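Chemist: Mind having a look at this structure? Questions to follow.
Chains as they are written, first to last, in our numbering: chain V, 28 to 298; chain C, 28 to 298; chain X, 28 to 298.
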């Protein structure tokens, strides 16, 4: 795929304005809501087991994020996820901190087991844990992984049946066959809480208007990284950087994404 | 009423610094707290059923917002609301997403039924649902309504006994007799999560220092819209716009509101 | 102590990058996470009783903040606190709004009773309540206290065994013997929700790399105040001020803290 396809998806998000239902953490939820608006979609946050089944029915995608997990939230995620599966609404899973505690690991595995997940997006440590690799997760915002990111993403995709994205200096996206690398982004994005969560929200917005989740996820990550590049020029620290990223996203023209997306098919060329 | 009356209320908020007790959602709660400070009042967020009755007793107003509802929150809202009613503390209801799920609709109707609500503030779709009109609510941030906004606001006010405000391009506020329209604001306010919630917080701050909830609500909405106009001049996107709105509110002089408030009595002149 | 010692601690925070586990409120949690990153540490927010014991084991400090309290959170705080105590991980308590409701007072006293708290940081009213003084707490963001701040801090420290910090125009920090005053800061910090909570997060980050909690807490408060001074030069209101404070913190050089910290030992010189 190329930047032009990503630009077309962005145009589609803005014209279709899909509702993105989030069941997410209370740390970065405001940024998730606002980034969803900035890209042109419409956020809904609802997590009571008494309403998620109804709410997800109006959604174009469901984003599940386990950043501040508890047992009731898992229950809500499963209820909403089953309803989404029945309606063929794509489900994005952000397994924040999986591997750090048994609650997170058991819950993520249960979600993957009981639901059909369209896209799993995590950092290297989180995806490594899900792939059964030697990986360490330190809290929620970092992790290390031995071995090739692409190899681990492929293995995780094989095990889960989902499109898998590893965010990092280079992002990797794969459906188990095609492997894309995305080289947009800036190191400052690692100095801001919630960039991973926001990337998952954007992945939901793009999945809502596309049947090809490798392309939609790669487009979302490329777009987010591109906004990170643009804002890095004038940001003075993490807070002005956040402001810049979101403002840039809001006014970015699809043609800019068409030109500046750095998405490469590396399927036949894995390191 | 005119802008001068609004300016006097703003001065009163700043000198009396009322505590505004919020039971609200976890998406926009930080903006609600900060906007309350920016206008000159003092926010308290407390939602445990074990403390809301005590907390509301020190408050000048109680703001109930059902943006991320669950059954325990409804219980807390009813406990706090009854205590507020006993003490004649005004209660503001923001029925976020009412009509989107049964939990929201049933809870909002129960709150209206069991409590004396001073002000209900919603978008057209939400107020339409409460008025029993043909209205559709799509998630939490939009809704459409057939027919005249003023007519629906009047009907909702009649049914509920509350002052009703519909936020939109023109805001409408009515107590069932007088109908005011407020023409301050800017379309960019629709591109930011939480503007509706923040308007409810401001409505609480103004209600806390006024016995006339039509005037207090119209003043709050006019003030908020005016800050939205001012910040639109230099904002580069939703995040810098939010920063601008709140900063403008903090330093706005009452005389500016006196001059620039666009509040009209349209009682005898409904479309 | 002098600014040089504070600067060395800042350097240590940045090189050791300790994980700071927060069990905190949902109002200011995002700012707590981001300020933790800005200073060079790594935030984790996790509050389910089913995972806090495991999570705290990877932490360098545990921050307990009762800003939006409920019974389950208290339980999680006690579980995490006991695990932290067993591992000699410092525990910071921010008793937000203690004295405003019985739930807050009873919970804070129980936490102090059942756990070994390293640092208690509050405003004058909150610390006054814990010291059994004539103090009034109005909601969560203000309080008044009769008598000398240093005297009350000393008394609270004696009663609790913790290092006690009172934030205010001048901050006071004492371990019951040494009394330090910190004169960095700016009045605008009182016009922003969450500055108290952020100060507690920073106190946690510094405690994680120091065995001397008087010095670590004074350093954290001095650093935060210094960033508040710097941002005050160009801020236009509370939101741009928050952006400024956090951005300044991110790029502040230790040498600046060494030079501009205003920490005085007033032990023999109490008012």
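Every residue, glycine too, gets a C-beta built ideally from N, C-alpha and C. Source: prediction; values computed, not measured.
Verify whether the separation of the beta carbon atoms of residue 187 of chain C and residue 139 of chain C is less than 7 Å.
Modeler: As a working mapping, residue 187 of chain C is identified with position 160 in the second chain. As a working mapping, residue 139 of chain C is identified with position 112 in the second chain. Their beta carbons are under 7 Å apart, which means residue 187 of chain C touches residue 139 of chain C by this criterion.
Chemist: Going straight from the alpha carbon of residue 61 of chain C to that of residue 119 of chain V, what length do you get?
Modeler: Within the second chain, residue 61 of chain C is the residue found at index 34, counting from 1. Within the first chain, residue 119 of chain V is the residue found at index 92, counting from 1. Roughly 32 Å separates the two Cα atoms.
Chemist: Measure the Cβ-Cβ separation of residue 297 of chain X and residue 177 of chain X and say whether it is below 7 Å.
Modeler: On the third chain, position 270 is the one that residue 297 of chain X refers to. On the third chain, position 150 is the one that residue 177 of chain X refers to. Yes, the pair counts as a contact, with Cβ atoms nearer than the cut-off.
Chemist: Determine the contact status of residue 72 of chain X and residue 49 of chain X, defining contact as a CB-CB distance below 7 Å.
Modeler: Walking along the third chain from the start, residue 72 of chain X turns up at place 45. Walking along the third chain from the start, residue 49 of chain X turns up at place 22. Yes. Within cutoff.
Chemist: Per the contact definition of three or more C-beta pairs closer than 8 Å, is the stretch 179-195 of chain C in contact with the stretch 148-165 of chain C?
Modeler: Touching, yes.
Chemist: Comparing the C-beta of residue 53 of chain X with each C-beta of chain V, is any distance below 7 Å?
Modeler: Within the third chain, numbered from 1, the residue matching residue 53 of chain X stands at position 26. By this cut-off, residue 53 of chain X is an interface position.
Chemist: In three-state terms, what does DSSP make of residue 201 of chain C?
Modeler: If you number the second chain from 1, residue 201 of chain C lands on position 174. Residue 201 of chain C: strand per DSSP, three-state reduction.
Chemist: Looking at chain V, which residues of the stretch 117-144 of chain X have a Cβ within less than 8 Å of any of its Cβ atoms?
Modeler: none
Chemist: For a contact defined as C-beta to C-beta under 7 Å, what are the partners of residue 57 of chain X on chain C?
Modeler: Taking the third chain and counting its residues from 1, the one referred to as residue 57 of chain X is at position 30. Near residue 57 of chain X (Cβ distances below 7 Å), the residues of chain C are 57.
Chemist: Who are the neighbours of residue 305 of chain C on chain V, taking C-beta pairs under 7 Å?
Modeler: One cannot answer for residue 305 of chain C here, as it falls past the ends of chain C, which runs 28 to 298.
Chemist: The beta strand (DSSP E) with residue 70 of chain C in it runs from where to where?
Modeler: Within the second chain, the letter at position 43 stands for residue 70 of chain C. Here the beta strand (DSSP E) through residue 70 of chain C covers 69-72.
Chemist: With DSSP run on the structure shown, which of helix, strand or coil describes residue 149 of chain C?
Modeler: As a first step, residue 149 of chain C must be located in the second chain, where it is residue number 122. It is a strand residue.
Chemist: Kindly list the residues whose CB is nearer than 7 Å to the CB of residue 184 of chain X, restricted to its own chain and excluding five residues on each side of it in sequence; keep chain order.
Modeler: As a position in the third chain, residue 184 of chain X is number 157, starting the count at 1. So the qualifying residues of the chain are 190, 191, 201, 202, 203.
Chemist: Between the stretch 269-280 of chain V and chain C, which residues of the former have a C-beta closer than 9 Å to a C-beta of the latter?
Modeler: Taken in chain order, the members of the stretch 269-280 of chain V whose beta-carbon sits within less than 9 Å of a beta-carbon on chain C are 269, 270, 271, 272, 273, 274, 275, 276, 277, 278.
Chemist: Check whether the Cβ atoms of residue 299 of chain V and residue 288 of chain V lie closer than 7 Å to each other.
Modeler: Because chain V here runs from 28 to 298, residue 299 of chain V falls outside it and cannot be looked at.
Chemist: Start and end of the beta strand (DSSP E) containing residue 291 of chain X?
Modeler: The residue you call residue 291 of chain X lines up with position 264 of the third chain. First-last of the beta strand (DSSP E) with residue 291 of chain X: 290-292.
Chemist: I need the boundaries of the alpha helix (DSSP H) containing residue 36 of chain X, first residue and last residue.
Modeler: Locating residue 36 of chain X in the third chain gives position 9, where the first residue counts as 1. Its alpha helix (DSSP H) spans residues 30-43.
Chemist: Find the residues of chain X that neighbour residue 264 of chain V, judging by a C-beta separation of less than 9 Å, and give them in chain order.
Modeler: Within the first chain, the letter at position 237 stands for residue 264 of chain V. Near residue 264 of chain V (Cβ distances below 9 Å), the residues of chain X are 65, 270, 271, 273, 274, 275, 276, 277, 278.
Chemist: What span of residues does the alpha helix (DSSP H) with residue 276 of chain X cover, start to end?
Modeler: Numbered from 1 along the third chain, position 249 holds the residue referred to as residue 276 of chain X. From DSSP, the alpha helix (DSSP H) with residue 276 of chain X extends over 265-278.
Chemist: Show which residues of chain C have a CB atom less than 9 Å away from the CB atom of residue 259 of chain V.
Modeler: Residue 259 of chain V sits at position 232 when you count from the first residue of the first chain. Within chain C, no residue comes near residue 259 of chain V; the closest Cβ sits about 15 Å away, beyond 9 Å.
Chemist: Is it true that the CB of residue 241 of chain C sits closer than 7 Å to the CB of residue 43 of chain C?
Modeler: Working through the second chain from its first residue, we reach residue 43 of chain C at position 16. Working through the second chain from its first residue, we reach residue 241 of chain C at position 214. Residue 241 of chain C sits away from residue 43 of chain C, with the two beta carbons spaced by 7 Å or more.
Chemist: What separation, rounded to the nearest whole angstrom, lies between the Cα atoms of residue 198 of chain V and residue 210 of chain V?
Modeler: As a working mapping, residue 198 of chain V is identified with position 171 in the first chain. As a working mapping, residue 210 of chain V is identified with position 183 in the first chain. In a straight line, the C-alpha of residue 198 of chain V is about 7 Å away from that of residue 210 of chain V.
Chemist: According to DSSP, is residue 77 of chain V helix, strand or coil?
Modeler: For the purposes of this step, residue 77 of chain V is taken as residue 50 along the first chain, with counting starting at 1. Residue state, collapsed to three classes: coil.
Chemist: State yes or no: is the C-beta of residue 264 of chain X within less than 7 Å of the C-beta of residue 277 of chain C?
Modeler: Within the third chain, residue 264 of chain X is the residue found at index 237, counting from 1. Within the second chain, residue 277 of chain C is the residue found at index 250, counting from 1. Taking 7 Å as the Cβ cut-off, residue 264 of chain X and residue 277 of chain C qualify as a contacting pair.
Chemist: Could you name the residues of chain V that residue 216 of chain X contacts, counting a contact when the two beta carbons are closer than 7 Å?
Modeler: Here the question's residue 216 of chain X lines up with position 189 in the third chain. Chain V residues near residue 216 of chain X: none, gap ~15 Å exceeds 7 Å.
Chemist: Sorted by chain position, which residues of the same chain lie with C-beta nearer than 6 Å to residue 76 of chain X's C-beta, five sequence neighbours on each side aside?
Modeler: In the third chain, residue 76 of chain X corresponds to position 49, counting from 1. Within the same chain, and ignoring the five residues on either side of residue 76 of chain X in sequence, the residues whose Cβ sits closer than 6 Å to its Cβ are 102, 103, 106.
Chemist: Answer yes or no: do residue 146 of chain V and residue 244 of chain V have a C-beta to C-beta separation smaller than 7 Å?
Modeler: Your numbering for residue 146 of chain V matches position 119 in the first chain. Your numbering for residue 244 of chain V matches position 217 in the first chain. Contact flag set, yes.
Chemist: Pop quiz: residue 292 of chain C and residue 207 of chain C are said to be a contact at Cβ under 8 Å. What is the actual Cβ separation, rounded to whole angstroms?
Modeler: To locate residue 292 of chain C, count along the second chain from 1; it is residue 265. To locate residue 207 of chain C, count along the second chain from 1; it is residue 180. About 6 Å; that satisfies the 8 Å criterion.
Chemist: Contact criterion: CB-CB distance below 7 Å. Does residue 77 of chain V meet it with respect to chain C?
Modeler: Against the first chain, residue 77 of chain V aligns to sequence position 50. Yes - at least one Cβ of chain C is within 7 Å of the one on residue 77 of chain V.
Chemist: Ends of the alpha helix (DSSP H) at residue 144 of chain V?
Modeler: Start at 1 with the first residue of the first chain, and residue 144 of chain V comes out as number 117. Counting along the chain, residue 144 of chain V falls outside any alpha helix (DSSP H), and DSSP gives it neither H nor E.
Chemist: Counting only the same chain and skipping the five closest in sequence on each side, list residues whose C-beta sits under 6 Å from that of residue 258 of chain V.
Modeler: As a working note, residue 258 of chain V is residue 231 in the first chain. Around residue 258 of chain V: 268, 271, 272, 275.
Chemist: Evaluate residue 69 of chain V with the Cβ neighbour count: other Cβ atoms within 10 Å of its Cβ, from every protein chain shown; 16 or more gives buried, anything less gives exposed.
Modeler: Residue 69 of chain V sits at position 42 when you count from the first residue of the first chain. Buried is the call here.
Chemist: Taking only three categories from DSSP, how would you classify residue 206 of chain V?
Modeler: Numbered from 1 along the first chain, position 179 holds the residue referred to as residue 206 of chain V. Residue state, collapsed to three classes: strand.
Chemist: Does any C-beta atom of chain V lie closer than 7 Å to the C-beta of residue 97 of chain C?
Modeler: The sequence position of residue 97 of chain C within the second chain is 70, counting from 1. Chain V, which has a Cβ nearer than 7 Å to the Cβ of residue 97 of chain C, makes this yes.
Chemist: Where does residue 261 of chain X land, buried or exposed, given buried means 16+ other C-beta within 10 angstroms?
Modeler: Locating residue 261 of chain X in the third chain gives position 234, where the first residue counts as 1. Residue environment: residue 261 of chain X is assigned as exposed (fewer than 16 neighbouring CB atoms within 10 Å of its CB, all protein chains considered).
Chemist: Report the residue from C:233, C:234, C:195 whose alpha carbon sits nearest the alpha carbon of residue 217 of chain C.
Modeler: Start at 1 with the first residue of the second chain, and residue 217 of chain C comes out as number 190. For residue 217 of chain C, the nearest C-alpha among the options comes from C:195.
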